[in-house]
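Participant: Letter by letter, the sequence shown follows residues 250 to 329 of our numbering.
For each residue, glycine too, the CB sits at the ideal point set by N, CA and C.
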Amino acid sequence: MEEKYFTINEVSDMFKVTRKAVYDWMEKGWLEYVIVGTHRRITQSAIDAFVQRGSAKSEEKKEEDQKNETPERLVLSTVV
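1. Where do the N-terminal and C-terminal ends of the alpha helix (DSSP H) with residue 271 fall, by residue?
2. For the region 275-302, list the beta strand (DSSP E) runs that are entirely contained and at least 3 residues long, ordered along the chain.
3. Given a cut-off of 8 Å, decide if residue 287 and residue 254 are closer than it, judged by their beta-carbon atoms.
4. Give the straight-line distance between the Cα atoms of residue 297 and residue 252, rounded to the nearest whole angstrom.
5. Which residue or residues does DSSP assign as beta-bridge partners of residue 255?
6. Would you kindly work out how many angstroms separate the C-alpha atoms of residue 266 and residue 250, rounded to a whole number?
7. For residue 263, name the three-state secondary structure that DSSP assigns.
Right, dumping it as structure tokens:
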């Protein structure tokens with residue numbers, strides 16, 4: 250099966266973010282890309298990996314937040 254390639258505009262539309270956000274993801278190494286001629290292209294497999302990593306981080310954060318949750322205190326006071 251042949252790999253599908255996406256433009257920066259297509260990826261920004263896909264994730265509902267700005268083109269700058271996509272460029273930032275690429276510069277930070279979060280989203281892999283290839284150079285075709287003088288243009289950057291993002292493969293379907295790179296998008297899948299990016300989404301997978303994001304989902305994993307989201308789950309890790311959720312678990313961490315649950316561990317760090319402080320039980321709410323109930324303060325009772327009586328007036329005499």
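Facilitator: Once the coordinates are examined:
1. 268-276
2. 283-285, 288-292
3. no
4. 12 Å
5. 291
6. 29 Å
7. helix
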